[in-house]
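Remarks on the structure that follows.
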Amino acid sequence: MPKVFSGPRRLSVGIVDVEFGEDVTVIEPVNLYGCRIGSGCFIGPFVEVQRNVTIGRNTRIQSHAFVCEFVDIGDDCFVGHGVTFINDSFSSGGPARGDKSKWRSTGIGNSVSIGSNATIMPVMIADGVVVGAGAVVTKDIVRRGIYAGNPARLIRLLEE
C-alpha cells in the first residue's frame, strides 16, 4: 500500500521570546527567538537571530544576516548584508548534529564593522575592528585594524 503524505511539517517562528531594549526597529520578515536586542538597534529583513544571542545597543544588523546561538555582539556595531556567524567548527570531522557541547561561542567587541557576506567562525574580535566584505574570520582578532581575505588577515592597523 502506498504511503500517503499529509504535507510538510510547517514551523513558524517570527518573533518569539525576545528581550528588546527601547527604540528598536525590526523590518519583517525575521526570525528572532530567545535573544536579547539592546536599545536603539536596527534589524533588517530576512535576518535570523537565534537563542542565547546578545546584541548590544545601537547596533545595525542588515538584511539576510544569520546570527547563530552563543554569539555576543557589542554596542555600536555594524553587521552587513548576508553575514553568517558559525558556532560549529566541525571539530570532529562533521557537523555536531545538535550536540551543543561541540559548539563554540563568538564575541564581537564594541564599534566593530563587519562587511557584507563575511563569515565569522567561533572567535573573539576586539573593539574597533573592521572586517572586510567576504572575509572569513577563522582566528581571534586582538588588535584594532582592518582585516580582509580568506582567511582574514590584517591589512592595516587603526589608531587606538
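Under this note's numbering, the letters of the sequence shown match residues 165 to 324, in that order.
Yeah, the Cβ is synthetic: ideal placement off N, Cα and C, and Gly gets one too.
Just to confirm the assignment, what range does the beta strand (DSSP E) spanning residue i have?
{"i": "residue 317", "result": "317-321"}
{"i": "residue 196", "result": "195-197"}
{"i": "residue 310", "result": "309-312"}
{"i": "residue 235", "result": "235-237"}
Can you tell me the Cα-Cα spacing of residue i and residue j, whole angstroms?
{"i": "residue 314", "j": "residue 174", "result": "37 Å"}
{"i": "residue 277", "j": "residue 190", "result": "19 Å"}
{"i": "residue 402", "j": "residue 222", "result": "No statement about residue 402 is possible, as the shown extent of the chain runs from 165 to 324 and does not include it."}
{"i": "residue 312", "j": "residue 208", "result": "24 Å"}
{"i": "residue 341", "j": "residue 212", "result": "No answer is possible for residue 341: it lies beyond the span of the chain, which begins at 165 and ends at 324."}
{"i": "residue 322", "j": "residue 308", "result": "6 Å"}
{"i": "residue 245", "j": "residue 295", "result": "13 Å"}
{"i": "residue 262", "j": "residue 254", "result": "12 Å"}
{"i": "residue 181", "j": "residue 238", "result": "21 Å"}
{"i": "residue 248", "j": "residue 167", "result": "38 Å"}
Between the beta-carbon of residue i and the beta-carbon of residue j, is there less than 8 Å?
{"i": "residue 290", "j": "residue 273", "result": "yes"}
For residue i, list the residues DSSP reports as bridge partners.
{"i": "residue 331", "result": "Residue 331 falls outside the range modelled here, since the chain spans only 165 to 324, and no answer is possible."}
{"i": "residue 285", "result": "Looking at the DSSP assignment, residue 285 forms no beta bridge with any residue, so it has no partner."}
{"i": "residue 272", "result": "237 and 289"}
Could one say the Cβ of residue i lies closer than 8 Å to chain D's Cβ atoms, at least one of them?
{"i": "residue 227", "result": "Absent from the structure is chain D; it holds one protein chain and no more."}
Give me the Cβ distance between residue i and residue j, rounded to the nearest whole Å; I'm assuming they're in contact under 8 Å.
{"i": "residue 234", "j": "residue 265", "result": "Their Cβ separation, rounded to whole angstroms, is 12 Å, which puts residue 234 and residue 265 out of contact at 8 Å."}
{"i": "residue 217", "j": "residue 194", "result": "Residue 217 to residue 194, Cβ: 13 Å. No contact."}
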